[in-house]
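**Q**
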Amino acid sequence: MTNQTLLNDKPIMGVIVEKWEECFETYGFKIELPVKVQNAKPGQFIMLWVPGEDEYPIGIAGLKDSILEVGIAKMGPGTEAMHKKEVGDLVGIRGIYGKPFTPPEDVNHLLIGGGFGMTPLKLLTETLMSNENKQNIHVFEGARSKDRLMYLEWLRDLHDRGKIIFHACTDDGSYGYQGFPTVDLEMFLQETETPSVIYAAGPEKMMKAIFDLGKKFANVVDMQMSLADRYMRCGFGACSSCAVDPTGWRICVDGPIFNTEKLEKISDFGVYKRLETGEKKRI
Amino acid sequence: MTNQTLLNDKPIMGVIVEKWEECFETYGFKIELPVKVQNAKPGQFIMLWVPGEDEYPIGIAGLKDSILEVGIAKMGPGTEAMHKKEVGDLVGIRGIYGKPFTPPEDVNHLLIGGGFGMTPLKLLTETLMSNENKQNIHVFEGARSKDRLMYLEWLRDLHDRGKIIFHACTDDGSYGYQGFPTVDLEMFLQETETPSVIYAAGPEKMMKAIFDLGKKFANVVDMQMSLADRYMRCGFGACSSCAVDPTGWRICVDGPIFNTEKLEKISDFGVYKRLETGEKKRI
Amino acid sequence: MVMSLATKIGNITIRNPMILASGVLGTTYSTLNRMYEAGLGAVITKSIGAKSRSGNPNPSVFALNEIRSVINSVGLANPGYQIFREDIEILMKNSTPTIVSIFGENKEEFKEVLEGLKDLPVLAFELNFSCPNTEMGGAQIGTDPDLVYKIVKELRAKTKTPLWVKLTPNVSDVIEIASAAVKGGCDTLVAINTLKAMVIDIHTKQPILGYKKGGLSGAAIKPVGIRYVYDLYEHFGDKIPLIGVGGIFRGEDIIEYLLAGASAVEIGTSLGVAYPENMVRFFQMKIKKYMKEHQFGSISEITGGVHR
Amino acid sequence: MVMSLATKIGNITIRNPMILASGVLGTTYSTLNRMYEAGLGAVITKSIGAKSRSGNPNPSVFALNEIRSVINSVGLANPGYQIFREDIEILMKNSTPTIVSIFGENKEEFKEVLEGLKDLPVLAFELNFSCPNTEMGGAQIGTDPDLVYKIVKELRAKTKTPLWVKLTPNVSDVIEIASAAVKGGCDTLVAINTLKAMVIDIHTKQPILGYKKGGLSGAAIKPVGIRYVYDLYEHFGDKIPLIGVGGIFRGEDIIEYLLAGASAVEIGTSLGVAYPENMVRFFQMKIKKYMKEHQFGSISEITGGVHR
Ligand SMILES: Cc1cc2nc3c(=O)[nH]c(=O)nc-3n(C[C@H](O)[C@H](O)[C@H](O)COP(=O)(O)OP(=O)(O)OC[C@H]3O[C@@H](n4cnc5c(N)ncnc54)[C@H](O)[C@@H]3O)c2cc1C
Ligand SMILES: Cc1cc2nc3c(=O)[nH]c(=O)nc-3n(C[C@H](O)[C@H](O)[C@H](O)COP(=O)(O)OP(=O)(O)OC[C@H]3O[C@@H](n4cnc5c(N)ncnc54)[C@H](O)[C@@H]3O)c2cc1C
Ligand SMILES: Cc1cc2nc3c(=O)[nH]c(=O)nc-3n(C[C@H](O)[C@H](O)[C@H](O)COP(=O)(O)O)c2cc1C
Ligand SMILES: Cc1cc2nc3c(=O)[nH]c(=O)nc-3n(C[C@H](O)[C@H](O)[C@H](O)COP(=O)(O)O)c2cc1C
Ligand code: FES
Ligand code: FES
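Protein chains in written order, with this note's numbering: chain A, 1 to 283; chain B, 1 to 283; chain C, 1 to 308; chain D, 1 to 308.
1) With distances taken between CB atoms, is the gap from A21(C) to R53(C) smaller than 7 Å?
2) Per DSSP, V190(D) forms a beta bridge with which residues?
3) Using three-state DSSP, classify I220(C) as helix, strand or coil.
4) Closer than 9 Å by beta-carbon distance: list the chain B residues that pair up with A63(D), in chain order.
5) What is the DSSP secondary structure of W20(B), counted as helix, strand or coil?
6) Quick one: what does DSSP say G137(D) is sitting in, helix, strand or coil?
7) In terms of residue numbering, what span does the beta strand (DSSP E) encompassing V265(C) cover?
8) Is V271(B) buried or exposed, if buried means 16 or more other CB atoms sit within 10 Å of its CB?
9) Quick test of your reading: V280(C) and V245(C), contact by CB under 8 Å. State the CB separation rounded to the nearest angstrom.
10) V15(A) by DSSP, collapsed to three states: which one?
11) DSSP three-state label for E193(A), please.
12) Under a three-way DSSP split, which group does V244(A) fall into?
13) Got a sec: which bits of the region 14–30 of chain D sit with their beta carbon under 7 Å from any beta carbon on chain B, in order along the chain?
14) Taking only beta carbons into account, state which residues of the region 201–214 of chain C come closer than 8 Å to chain A, listed in chain order.
15) Less than 7 Å between CB atoms is the rule here; does I309(D) satisfy it with respect to chain C?
16) So with Cβ pairs under 7 Å, would you call G59(B) a contact of chain D?
17) Kindly identify the DSSP beta-bridge partner or partners of E55(A).
18) I'd like to know if Y149(C) contacts chain D, where contact means its C-beta is closer than 7 Å to some C-beta of that chain.
19) In chain C, which residues lie with their C-beta within 7 Å of the C-beta of V358(D)?
20) Write down the C-beta distance between S298(C) and I9(C) rounded to the nearest angstrom, noting that I regard them as a contact closer than 8 Å.
21) Closer than 9 Å, Cβ to any Cβ of chain C: which residues of the region 19–53 of chain A, in chain order?
22) With a threshold of 7 Å between beta carbons, is S52(D) in contact with chain B?
23) Assuming contact is defined by CB atoms lying nearer than 7 Å, are S217(D) and V74(D) in contact in what I supplied?
24) Examine the Cβ distances between the region 198–211 of chain D and the region 46–63 of chain D and report whether three or more of them are shorter than 8 Å.
25) Cβ of M232(A) within 6 Å of any heavy atom in ligand 1?
26) Chain B partners of I83(D), CB-CB under 9 Å?
27) Is T31(D) near A243(B), with beta carbons less than 7 Å apart?
28) Can you tell me the Cα-Cα spacing of I151(C) and F125(C), whole angstroms?
29) Starting from K208(B), trace the alpha helix (DSSP H) in both directions and tell me its first and last residue.
30) Going by beta-carbon coordinates alone, are R156(D) and G116(D) separated by less than 7 Å?
31) Residue ranges of each alpha helix (DSSP H) run of no fewer than 4 residues wholly in the region 71–119 of chain D, ordered along the chain?
32) Could you confirm whether any beta carbon from chain A is found closer than 7 Å to the beta carbon of S73(C)?
33) With a threshold of 6 Å (Cβ to nearest heavy atom), would Y56(B) be considered close to ligand 2?
34) Need the endpoints of the alpha helix (DSSP H) that H159(A) sits in, please.
35) Could you tell me which whole beta strand (DSSP E) segments of length 3 or greater appear in the region 26–69 of chain C?
36) Could you confirm whether any beta carbon from chain A is found closer than 7 Å to the beta carbon of I306(C)?
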């Protein structure tokens with residue numbers, strides 16, 4: 001391992017040192033890099049190159065020295081190609097890119113997400129636990145069914161050990177309560193007196209619903225959401241594939257985490273996104 | 001002034017802040033650079049670009065922070081172009097290039113030169129004075145006539161103040177004794193008991209004569225000579241215009257200062273040099 | 001002394017010589033507006049064609065940090081002029097001085113795009129004959145002087161809007177191509193587009209770009225861009241305005257292009273960073289400082305200075 | 001596993017794929033010998049012509065530190081083949097595997113130089129059709145396929161010594177030029193020479209190079225060189241050996257060229273440093289390490305690997 005850090009450069013090749021089925025059609029990977037990866041913060045991401053197949057943005061789920069953890073949900077050919085990779089295979093990493101979550105002090109931390117949105121929330125959970133009063137960390141996760149809840153065991157265990165409060169729900173009721181995670185979130189917000197910050201990551205439709213909900217509560221002092229449901233090419237601000245209207249902010253460098261103030265200004269949030277051609281598509 | 005140092009790069013533009021006639025057809029210049037020049041040692045050189053005219057190697061005569069002193073003798077169009085430059089004009093500097101003199105401790109330091117060879121010897125004199133027992137510094141300078149003795153006043157003053165011993169001579173006897181500087185050098189070597197090091201810079205023919213002389217004396221523990229009478233283009237080792245036979249050493253990076261051991265191996269020393277075409281020319 | 005950063009490019013005057021290069025931050029009206037508000041003189045859209053194109057597979061853009069450069073094979077991803085028209089209209093409403101970059105696989109497509117957009121009050125159309133990341137019937141249009149002449153001539157007949165021709169550096173004789181464009185009636189020459197390039201990963205023995213091959217931009221190509229602008233000015237003098245592009249990372253680089261013969265510059269790679277607004281501010285400060293120090297009252301006094 | 005660094009280039013075998021590029025450290029027999037002793041597989045002389053030439057005025061070589069590159073306009077300074085013969089003879093006596101780079105202003109000069117040196121047991125003649133730093137009746141020979149064909153063909157008839165053709169990247173279609181060279185009967189294609197480039201000093205408003213224009217070498221041109229070798233291999237496959245040149249600064253870069261299709265590489269700029277011996281040692285170590293890790297027994301197994 002050299003003393004280099006991960007710069008904005010061509011992909012650096014890392015080797016997969018661990019692979020596990022995290023939940024339905026979702027794999028976790030640990031990737032060892034030949035360089036030190038310093039200062040990666042929750043909400044930041046890397047560009048993952050599956051050689052000869054595809055490259056796309058992936059959130060950072062965990063990081064220790066030169067070992068990067070990611071969680072990859074099957075969406076199409078690119079993520080499928082990664083699912084076929086095994087321990088010992090090489091993949092390319094560019095980054096670290098993007099602006100992270102910025103949790104303030106002395107608030108309830110309400111993390112809410114679904115699908116691959118859970119990956120940055122995992123690292124955020126870990127970071128918060130190491131810094132803050134554990135009682136104030138709430139994780140709300142929703143999925144179609146139990147087998148699709150990401151990091152279920154890990155979160156349940158933290159909950160059992162009193163380190164976080166885990167609110168799980170499923171569409172089919174196979175785990176937690178039946179319904180959307182916003183139900184529990186709303187209930188919690190009605191009850192709490194403490195100022196709260198909402199951190200959301202998941203499908204943009206869901207985030208928009210959470211955003212509209214959060215705005216109704218005066219004790220929600222900030223919302224920070226990961227606009228990770230958008231197309232990216234470069235990841236470092238050059239191509240503008242990921243730009244939002246009308247501000248011209250690029251999700252890859254001005255985000256992916258945007259706070260309430262900024263989200264208010266993004267008129268296409270929850271409304272439309274741009275395809276790889278630049279064409280708009282309703283969300 | 002930025003914090004940058006002088007790197008091997010395109011010329012950095014400096015402004016002439018002082019110009020004086022040093023001796024016959026030889027001007028001194030102080031050039032202020034927009035960067036700090038660190039660690040320049042006696043014997044090293046820069047490439048001087050006279051914009052629109054020529055570029056050539058020039059020894060470092062002095063250096064304080066960002067002010068570089070050089071001494072330029074008229075040889076042809078390039079040096080003449082520099083002589084026309086005035087205070088306020090811009091010239092380009094690349095460098096610092098080359099290997100310096102490496103004076104050992106506890107020896108007689110015998111500096112001998114002529115013409116523009118005196119420029120590195122000036123800086124060497126200064127460096128030695130600040131480090132060593134002043135009694136041991138001897139400077140031997142020869143020229144055609146008094147008006148061609150470089151740094152005459154400066155050296156005479158140092159001599160008068162007992163800081164060095166200055167041995168001057170001229171072909172026509174207009175200053176010092178009449179004859180070559182080797183005469184006094186030989187005399188000195190015959191008398192001294194202390195181990196001595198000879199530092200020579202000047203026409204190659206003269207240096208060869210000094211080299212042959214020095215070899216006769218067991219108390220001459222090293223000779224360090226500046227092979228600065230050769231053609232250079234790049235100054236940093238790329239073009240090999242300045243290479244010597246049969247070793248393939250390049251004067252710009254493997255020299256310009258070579259010690260006895262190395263000089264012995266340079267079969268063309270004092271015999272021939274290469275022209276800008278690469279053709280050999282007898283010295 | 002009065003000092004103005006405004007520059008004339010043929011009949012057009014823009015508030016300063018800095019123009020956003022095509023394809024960098026130019027996919028949406030919103031980034032184009034943002035970059036104009038950041039202080040640029042004008043902005044150029046991503047190259048727009050007749051039909052919607054997804055471009056080449058990823059990886060399609062990455063940095064080569066050691067040489068402060070970027071390689072890309074985006075391959076003219078665009079929604080087609082009919083859809084992109086909506087974005088241009090917003091720019092027009094905002095009075096953003098906009099140049100629309102257009103491309104086509106052949107003469108007919110160029111014509112179609114121009115016809116479809118020519119009613120809009122854009123500053124100019126930049127004809128992209130020079131993208132190295134697509135195969136259009138083999139070689140690039142910009143390497144064939146006849147084709148260049150014919151396309152420019154036909155488009156010229158259809159519009160009064162200035163036509164800029166963007167030249168590729170991947171040619172044996174740029175003067176030949178440029179002369180064909182000038183003869184066809186173009187108003188301005190733009191040099192250069194990216195250099196043909198490629199990067200291979202030795203561990204997996206794969207080209208890194210999804211399209212395998214790409215185009216090099218950034219600091220590595222600045223000495224090449226300067227050479228092209230110099231050569232063009234040497235040949236054409238002030239008969240046709242030149243715009244310099246390639247590797248501008250500092251205000252000094254802009255001056256270098258102006259001295260070589262450019263009336264304005266386009267800037268791409270160095271604005272594709274987290275804080276492009278800061279870059280624009282630094283550029284502007286440096287240009288002003290230089291003009292003051294050298295007592296230049298206007299950009300046109302700098303243009304071509306090295307030839308005098 | 002047995003591992004050999006030796007590589008075959010047509011009929012020639014050299015002990016490893018690293019060759020000193022022409023013009024860098026190749027002015028005298030002594031630097032050439034030194035570089036062979038440093039561990040290279042072979043060395044190429046500075047380009048030699050019919051007559052003695054002083055080359056262009058200084059500045060003629062300087063570094064562009066930020067992009068790890070060099071610009072030069074040496075302009076084929078050389079003593080002429082009659083005088084340089086003496087240096088070659090010493091190399092031959094020393095059994096230094098030497099390629100002599102030759103150039104001419106026209107076919108006759110190429111012939112004269114070849115005739116004058118062809119009795120020497122050199123490894124090959126490299127035909128430099130591609131120096132951007134001289135004006136030989138206008139454009140460079142290497143941009144004209146007919147001329148390339150004719151010169152190669154005539155020289156081919158005169159000698160059995162392998163003829164290598166060094167290609168310029170400053171062309172619209174390298175395949176066309178390369179095909180002409182192959183048709184003429186050359187044994188090996190070498191890509192690339194320097195890119196046309198220029199640097200202006202904004203303070204004095206002067207081109208820095210004495211010749212004004214120059215050629216860019218070093219790290220900036222590596223992605224371009226890789227692309228050329230890749231394109232040539234894509235076209236010619238293993239029908240003709242390729243040698244990759246341009247921007248090699250590390251062992252990894254050598255592997256990249258081999259994978260792109262090269263049987264050997266030439267290295268220039270990165271050896272033009274204070275300690276070239278160390279560079280060669282690092283290169284060699286890295287190649288060995290790579291071959292071991294990837295279980296390659298020979299260089300030919302790596303050649304063209306990215307195409308498979
Ligand atoms: C900042 C950010 C962080 C992300 N983090 C994660 C993560 O931690 N785990 C995870 O599983 N997924 C993550 N994603 C999403 C992931 O990038 C896409 O799921 C993936 O690109 C799909 O590729 P595909 O070829 O499998 O699917 P495709 O069939 O190509 O596309 C399916 C959908 O995925 C999206 N997509 C495709 N290509 C891209 C692209 N280049 N950039 C962005 N979206 C694309 C599009 O919305 C598309 O509709 C993240 C996305 C962003 C922007
Ligand atoms: C390491 C080194 C340090 C030097 N230090 C000084 C110094 O401090 N002061 C000083 O006045 N001179 C110094 N010189 C010599 C100086 O470089 C030449 O005098 C100058 O280049 C002459 O150029 P010209 O155009 O005036 O002369 P020309 O008419 O071009 O040539 C006259 C002679 O100068 C020499 N010369 C010409 N061009 C070059 C070149 N590019 N490189 C080397 N020699 C050349 C040749 O021997 C030539 O025969 C040094 C040379 C070297 C190699
Ligand atoms: C990501 C990217 C996309 C580009 N897309 C286009 C394009 O669509 N049309 C075009 O004419 N040039 C395109 N270019 C080339 C630039 O406009 C510019 O000519 C080139 O990058 C050199 O300038 P620079 O070094 O300042 O980036 C693109 C460049 C980059 C880096
Ligand atoms: C100072 C210098 C002089 C050169 N002279 C020649 C030459 O005489 N003949 C030639 O074919 N190439 C010449 N070249 C080009 C190199 O051989 C090589 O093709 C080019 O520099 C790219 O390789 P590099 O990046 O490893 O330097 C020269 C390059 C430099 C830097
Ligand atoms: S992905 Fe290119 S600008 Fe965001
Ligand atoms: S001057 Fe170029 S190698 Fe010494």
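Heads up, the beta-carbon is just placed ideally off N, CA and C, and yes, glycines get one too.
**A** Working from what's here:
1) In this structure, R53(C) does not lie closer than 7 Å to A21(C) by Cβ.
2) Its beta-bridge partners are K166(D), I243(D).
3) Rather than Ile, the amino acid found at residue 220(C) in this sequence is Ala. Three-state DSSP puts A220(C) in a helix.
4) Those are L7, N8, D9, K10, R94, C234, F236, A238, listed as they occur along chain B.
5) The three-state reading of DSSP puts W20(B) in strand, counting E and B together.
6) At G137(D) the pLDDT is 42, less than 50, meaning the model places this residue with poor confidence; the figure from the coordinates comes in the next sentence. G137(D) falls in the coil class under three-state DSSP.
7) 264–267 is the span of the beta strand (DSSP E), which, as asked, contains V265(C).
8) Counting Cβ neighbours within 10 Å, V271(B) comes out exposed, since fewer than 16 surround it.
9) The Cβ separation is near 16 Å, so there is no contact.
10) It is a strand residue.
11) Secondary structure at E193(A): coil, using DSSP grouped into helix, strand and coil.
12) The answer is coil: DSSP assigns V244(A) none of H, G, I, E or B.
13) Close to chain B, meaning a Cβ-Cβ distance shorter than 7 Å, are the following residues of the region 14–30 of chain D: V24, L25, G26, T27, T28, S30.
14) Flagged, chain order: D201, H203, T204, Q206, I208, G210.
15) The structure shown has nothing for residue 309(D), since chain D only spans 1 to 308.
16) When Cβ-Cβ separations below 7 Å define contact, G59(B) makes no contact with chain D.
17) In the DSSP assignment, E55(A) forms a beta bridge with W49(A).
18) Judged by the 7 Å Cβ criterion, Y149(C) is not in contact with chain D.
19) Outside the shown range of chain D, which is 1 to 308, sits residue 358(D), and nothing can be said about it.
20) With a Cβ gap of about 13 Å, S298(C) and I9(C) do not count as contacting.
21) If the cut-off is 9 Å between Cβ atoms, the region 19–53 of chain A has M47, W49, P51, G52, E53 near chain C.
22) Under the 7 Å criterion on CB atoms, S52(D) is classed as interfacial with respect to chain B.
23) Taking 7 Å as the cut-off, the beta carbon of S217(D) is found no closer than this to the beta carbon of V74(D).
24) Contact holds: three or more Cβ-Cβ distances are below 8 Å.
25) Ligand 1 has a heavy atom closer than 6 Å to the beta-carbon of M232(A).
26) Result: T277, G278, E279, K280.
27) Closer than 7 Å, so yes.
28) Going from the Cα of I151(C) to the Cα of F125(C) covers about 13 Å.
29) Run containing K208(B): 204–214, per the alpha helix (DSSP H) assignment.
30) Taking a C-beta distance under 7 Å as the contact criterion, R156(D) and G116(D) do not qualify as a contact pair.
31) Those alpha helix (DSSP H) runs which fall completely within the region 71–119 of chain D and span 4+ residues are 81–93, 107–117.
32) Not an interface residue.
33) Answer for Y56(B): yes, Cβ within range of ligand 2.
34) Residues 152–160.
35) Complete beta strand (DSSP E) runs here, min 3: 42–44, 61–64.
36) Sequence check: residue 306(C) is Val here, not Ile. Judged by the 7 Å Cβ criterion, V306(C) is not in contact with chain A.
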